[in-house]
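Report on the structure given below.
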Amino acid sequence: DTGVSQNPRHKITKRGQNVTFRCDPISEHNRLYWYRQTLGQGPEFLTYFQNEAQLEKSRLLSDRFSAERPKGSFSTLEIQRTEQGDSAMYLCASSLWGQGADNEQFFGPGTRLTVL
Amino acid sequence: GENVEQHPSTLSVQEGDSAVIKCTYSDSASNYFPWYKQELGKRPQLIIDIRSNVGEKKDQRIAVTLNKTAKHFSLHITETQPEDSAVYFCAASEQGHTDKLIFGTGTRLQVFP
Chain S
439 DTGVSQNPRH KITKRGQNVT FRCDPISEHN RLYWYRQTLG QGPEFLTYFQ NEAQLEKSRL
499 LSDRFSAERP KGSFSTLEIQ RTEQGDSAMY LCASSLWGQG ADNEQFFGPG TRLTVL
Chain F
9 GENVEQHPST LSVQEGDSAV IKCTYSDSAS NYFPWYKQEL GKRPQLIIDI RSNVGEKKDQ
69 RIAVTLNKTA KHFSLHITET QPEDSAVYFC AASEQGHTDK LIFGTGTRLQ VFP
């Protein structure tokens, strides 16, 4: 499968624990986005990378959230001291950005986080 | 910042009928408007998109129209089939800047055989 992949697909954790999710984009894609989706809502932008540089973070993103893309390929999203309000589907998307590129965003299957 | 509103929130149609979903956006700098289809438990899938330099785009039974002056765009599905049943999301972004997608709240489409 050459699409965007995410691991784990499901994560159940207790409040106060730290969790880390991984996203592997489509191999030639230079942009990688993280979104969060709660039940009945559209995806909400969290942050994005161009290669290894994190170019924007949503103002809604608390200091407990951090994301990295150290080699410009896969990315990780870490949530520290999880709260019940962090329960959601965390979606990753990737795109090819640049001259002549469509920059269409392709989504991964998501990681569903449940905080007890 | 950008805000996208989507209507209706639910839409039920008989197989073979047409379905129309409408979205409005607030930021006149937005220039890219994709539509995603999300089946239950699945990832959002891009079904069609339109850029601000065109007013209409069609792909088989699906079409999208854009009115830049009024800042609204619509998805039209003709000859609906039961497999069209899903949640549809519109989105807007300013390509060439951040490209982050701002999504609407979704429309649950049910097509009855």
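If you read the sequences in order, they're chains S and F. 439 is the number of the first residue of the first sequence in the numbering used here; add one for each residue after it. 9 is the number of the first residue of the second sequence in the numbering used here; add one for each residue after it. Glycine is no exception: its CB is placed at the ideal position from the N, C-alpha and C atoms.
Secondary structure of residue i, DSSP reduced to three states
| i | result |
| --- | --- |
| E494 of chain S | strand |
| P121 of chain F | coil |
| Q455 of chain S | coil |
| D540 of chain S | coil |
| P42 of chain F | strand |
| D107 of chain F | coil |
| D92 of chain F | helix |
| D462 of chain S | strand |
| D57 of chain F | strand |
| Q68 of chain F | coil |
| Q518 of chain S | coil |
Beta carbon proximity, residue i to chain S, threshold 8 Å
| i | result |
| --- | --- |
| K45 of chain F | no |
| D57 of chain F | yes |
| I29 of chain F | no |
| D107 of chain F | yes |
| P52 of chain F | yes |
| T113 of chain F | yes |
| F81 of chain F | no |
| F41 of chain F | no |
Neighbour-count burial assignment, residue i, 16 or more Cβ in a 10 Å radius
| i | result |
| --- | --- |
| K509 of chain S | exposed |
| K50 of chain F | exposed |
| R474 of chain S | buried |
| H105 of chain F | exposed |
| P121 of chain F | exposed |
| A100 of chain F | buried |
| Q522 of chain S | exposed |
| L551 of chain S | buried |
| D540 of chain S | exposed |
| L477 of chain S | exposed |
| R502 of chain S | exposed |
Test: residue i CB closer than 8 Å to a CB of chain F
| i | result |
| --- | --- |
| G480 of chain S | yes |
| Q455 of chain S | no |
| Y471 of chain S | yes |
| Y528 of chain S | no |
| N541 of chain S | yes |
| G546 of chain S | yes |
Neighbour flag for residue i against chain A, beta carbons, 8 Å
| i | result |
| --- | --- |
| R69 of chain F | Included in the structure are the protein chains S and F, with no chain A among them. |
Inter-residue CB distance, residue i and residue j (contact presumed, cutoff 8 Å)
| i | j | result |
| --- | --- | --- |
| T8 of chain F | A37 of chain F | Because chain F is modelled from 9 through 121, residue 8 of chain F falls outside the range shown and cannot be assessed. |
| R447 of chain S | L554 of chain S | 18 Å between Cβ atoms; not a contact. |
| T115 of chain F | L19 of chain F | 6 Å |
| E8 of chain F | D35 of chain F | The first residue shown for chain F is 9 and the last is 121, placing residue 8 of chain F beyond what the model contains. |
| T520 of chain S | T451 of chain S | 6 Å |
| V119 of chain F | D92 of chain F | 5 Å |
| field | Touch test, the segment 528 to 536 of chain S against the segment 75 to 90 of chain F, Cβ-Cβ under 8 Å, three pairs minimum | value | no
| task | Decide if the segment 38 to 57 of chain F is in contact with the segment 538 to 554 of chain S; the criterion is three or more beta carbon pairs, one per stretch, under 8 Å apart. | result | Contact holds: three or more Cβ-Cβ distances are below 8 Å.
| query | Is the segment 9 to 20 of chain F close to the segment 56 to 66 of chain F, with three or more CB pairs under 8 Å? | reply | no
| task | Report yes or no: do three or more beta-carbon pairs, one from the segment 97 to 111 of chain F and one from the segment 481 to 488 of chain S, lie closer than 8 Å? | result | yes
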